[in-house]
Amino acid sequence: MWQGGGVRPLRASATASRARIARVAEALGPATPAAMASPTVFLVTGCSRGIGIEWAKQILARGDSLIATCRNPDSAAELNAVLAAHSGPGFAISLPLDVASEASIRALPEAIAATGKTSGVDVLVHNAGVSAPTHPVDPAETVSKAAMMDCFETNAVFSPPPLQPRPALIVGVEQVGPMLVTQACLKLLSPGKKIFFVSTAMASMERTDQASGGGSVSYRASKSGLNMVGRLIAAEWGLGTEADLAVTLCHPGWVDTDMGAAGNRSPPVQPPDSVSGMLTVIDQMGPQSTANFVDWEGVSY
Ligand SMILES: NC(=O)c1ccc[n+]([C@@H]2O[C@H](COP(=O)([O-])OP(=O)(O)OC[C@H]3O[C@@H](n4cnc5c(N)ncnc54)[C@H](OP(=O)(O)O)[C@@H]3O)[C@@H](O)[C@H]2O)c1
Numbered sequence: 005m006w007q008g009g010g011v012r013p014l015r016a017s018a019t020a021s022r023a024r025i026a027r028v029a030e031a032l033g034p035a036t037p038a039a040m041a042s043p044t045v046f047l048v049t050g051c052s053r054g055i056g057i058e059w060a061k062q063i064l065a066r067g068d069s070l071i072a073t074c075r076n077p078d079s080a081a082e083l084n085a086v087l088a089a090h091s092g093p094g095f096a097i098s099l100p101l102d103v104a105s106e107a108s109i110r111a112l113p114e115a116i117a118a119t120g121k122t123s124g125v126d127v128l129v130h131n132a133g134v135s136a137p138t139h140p141v142d143p144a145e146t147v148s149k150a151a152m153m154d155c156f157e158t159n160a161v162f163s164p165p166p167l168q169p170r171p172a173l174i175v176g177v178e179q180v181g182p183m184l185v186t187q188a189c190l191k192l193l194s195p196g197k198k199i200f201f202v203s204t205a206m207a208s209m210e211r212t213d214q215a216s217g218g219g220s221v222s223y224r225a226s227k228s229g230l231n232m233v234g235r236l237i238a239a240e241w242g243l244g245t246e247a248d249l250a251v252t253l254c255h256p257g258w259v260d261t262d263m264g265a266a267g268n269r270s271p272p273v274q275p276p277d278s279v280s281g282m283l284t285v286i287d288q289m290g291p292q293s294t295a296n297f298v299d300w301e302g303v304s305y
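Read left to right, the sequence shown gives residues 5 to 305 (our numbering).
#1: State yes or no: is the C-beta of Lys227 nearer than 8 Å to some heavy atom of ligand 1?
#2: Across which residues does DSSP place Ala250 in a beta bridge pair?
#3: Should Val134 be counted as a contact of ligand 1 given a C-beta to heavy atom distance under 8 Å?
#4: Going by the C-beta, is Ser98 closer than 8 Å to any heavy atom of ligand 1?
#5: Compare the Cα-Cα distances from Gln274 to each of Gly54, Thr119, Lys197, Thr44 and report the closest residue.
#6: What three-state label does DSSP hand Val303 in the structure shown?
#7: Provide the residue span of the alpha helix (DSSP H) that contains Ala89, from first to last.
#8: By DSSP, does Gly290 sit in helix, in strand, or in coil?
#9: Please confirm if Phe297 has its CB atom under 9 Å from at least one CB of chain C.
#10: Near Gly234, what residues of its chain come up, given a Cβ to Cβ distance below 7 Å and the 5 sequence neighbours on each side ignored?
#11: On the DSSP letters alone, give me the boundaries of the beta strand (DSSP E) that Pro100 sits inside.
#12: Helix, strand or coil for Ala104, going by three-state DSSP, please let me know.
#13: Mind checking which residues open and close the beta strand (DSSP E) that includes Leu70?
#14: Can you name, in chain order, every residue of its own chain whose Cβ lies under 7 Å from the Cβ of Asp248, other than the five neighbours on each side?
#15: Which two residues bound the contiguous alpha helix (DSSP H) that contains Val221?
#16: Alpha carbon to alpha carbon, how far is His255 from Thr138? Give it in angstroms, no decimals.
#17: Rounded to a whole number of angstroms, what is the C-alpha to C-alpha distance between Pro130 and Glu301?
#18: By the three-class DSSP mapping on this structure, what secondary structure does Ala295 have?
#19: Relative to the C-alpha of Cys189, which candidate in Ser98, Glu114, Ala81 has its C-alpha closest?
#20: What does the Cβ neighbour count give for Pro43, buried or exposed, with the cut at 16 atoms within 10 Å?
#21: Out of Gly120, Met282, Leu128, which has the shortest C-alpha to C-alpha gap to Thr186?
#22: State whether the segment 99-115 contacts the segment 58-68, with contact taken as three or more CB pairs (one from each stretch) at a distance under 8 Å.
#23: Tell me, please, which residues DSSP counts as bridged to Phe46.
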């Protein structure tokens, strides 16, 4: 039985990963060269560390624009160093965003407008996430309501349901995480723009047998909720609807970050490989992006 506390690692070698990314990119055809187009405006959540800080580095390195959000930009030293070192051609700004706070989410569009940098977003990347404090040890036997609610609020979907039925017009005010961030940013996303969810293979319904490892209940259940949110967003605002947005869900690999290495584990994928793969996936988003699920190498699930 796999002893890593979560699902079995999918890939081992970074070199093999890069080769597969190149093959997938070649098979899918050329992306628009960044140098020939105006900078793409990315909005990324959870940029203070881990995969998030790597999004900031690579988006700016390829000349695109970045709205880097995190809970507390003032104390995000590494992010601030990345932004300070930036020299264009795109812009680089940071804004506060706590994706578990409805007030913080509601304030975001106005905060973006106040910067005077952009009136729209081309790619919304839902990256921020949490796991249980004991991650990856969080079995059904001991999982707590607090851990489950924390994961659900940040990673996906809902705070506790209201005690009384609400009128239809205000259903949704208790939704937080990527659902409410997308809702708040909808007016910034014109037709043809992209929404990218950083999900996880651990959310797979098929990978819940004993051989794949149980446990991590809070995290895995919340990310399954995220996948459903992604599907429903694609149904309401996806390609072919009036909003006409491309939507993709992605497993970033088992990545060497605070979350990935929790419990003294040794993830096989480094953040630069994960993010460069995911940027290739984003560049190739198109007619297939109706809430499709792929990994960071572009391989469909
Ligand atoms: N690492 C992996 O192996 C792996 C595998 C599959 C999926 N993922 C997913 O990849 C994403 C990034 O994970 P990671 O490995 O980089 O984790 P990480 O190192 O623990 O970083 C998590 C990031 O999310 C931010 N965050 C947490 N709660 C937030 C909130 N309420 N509002 C705004 N930001 C918040 C954190 O900000 P603070 O600094 O303020 O805490 C931090 O920047 C997550 O969605 C995770 O579920 C990771």
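Beta carbons: idealized from backbone N, C-alpha and C, even for Gly.
Short version:
#1: yes
#2: Lys198
#3: yes
#4: no
#5: Gly54
#6: coil
#7: 81-89
#8: coil
#9: This model lacks chain C altogether, as it is built from one protein chain only.
#10: Phe201, Val251, Leu253, Ala295
#11: 96-100
#12: coil
#13: 69-74
#14: Pro195, Gly196
#15: 221-241
#16: 21 Å
#17: It is worth fixing the name first, because residue 130 is His in this sequence and not Pro. So the two alpha carbons sit approximately 18 Å from each other.
#18: strand
#19: Glu114
#20: buried
#21: Leu128
#22: no
#23: Leu70, Val127
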